[in-house]
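What follows is a single structure, written as structure tokens, with notes after it.
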Amino acid sequence: SIPFSHWMRSDSTSAWRNASARYSQTLEAHGQAASTAGLYGTLLEDNNLGYSIQSGYTQGGYEGSSKTGYASLNYRGGYGNASAGYSHSGGYRQLYYGLSGGILAHANGLTLSQPLGDTLIL
-16 SIPFSHWMRS DSTSAWRNAS ARYSQTLEAH GQAASTAGLY GTLLEDNNLG
34 YSIQSGYTQG GYEGSSKTGY ASLNYRGGYG NASAGYSHSG GYRQLYYGLS
84 GGILAHANGL TLSQPLGDTL IL
């Protein structure tokens, strides 16, 4: 894992402040080799937007060769959270998305929030 902040401008306004790259390579006993590379980090002033991009390739062994990939975004806002992503592996592809948060109905209307716990005070 290599944090970009060691080599690039890493002041509070830099997009590279909280970014890192990772690479791994493995060789299994049955001859399968796998390589994976990715870029990960957070953006925005309060690091509210997280991102992840990863790509990989596997060859040899019992299963032959295949390519994999993954990308995701996760946002944490004052009124809830949102996430979206896409992945593929071999012949499979998956798209996902989600929203989470709390809604409290009261006499003066609705209040939106981060996901609610066991105790709630307005």
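Just so you know, our numbering puts 52 at position 69 of the sequence shown, and the rest follows in order with no gaps.
Ideal placement from N, C-alpha and C gives every residue a C-beta, glycine not left out.
Computed from a prediction, not measured in an experiment: that's the story for all the values here.
Where residue i falls, given that 16 or more other Cβ within 10 Å makes a residue buried
| i | result |
| --- | --- |
| residue 100 | exposed |
| residue 24 | buried |
| residue 2 | buried |
| residue 41 | buried |
Pairwise C-alpha distance: residue j and residue i
| i | j | result |
| --- | --- | --- |
| residue 47 | residue 6 | 21 Å |
| residue 76 | residue 60 | 28 Å |
| residue 56 | residue 65 | 8 Å |
| residue 63 | residue 4 | 28 Å |
| residue 21 | residue 92 | 44 Å |
| residue 78 | residue 84 | 21 Å |
| residue 82 | residue 67 | 9 Å |
| residue 8 | residue 29 | 33 Å |
| residue 12 | residue 51 | 21 Å |
| residue 70 | residue 98 | 26 Å |
| residue 80 | residue 10 | 34 Å |
Pair within 8 Å by beta-carbon distance, residue i and residue j
| i | j | result |
| --- | --- | --- |
| residue 35 | residue 58 | no |
| residue 39 | residue 19 | yes |
| residue 96 | residue 72 | no |
Any non-hydrogen atom of the ligand SAH within 7 Å of residue i CB
| i | result |
| --- | --- |
| residue 86 | Of ligands this structure carries none, so the ligand SAH is not represented either. |
Ordered list of beta strand (DSSP E) runs contained in the stretch -2 to 56, each at least 3 residues:
Runs of the beta strand (DSSP E) inside the stretch -2 to 56: 2 to 10, 16 to 26 and 32 to 42.
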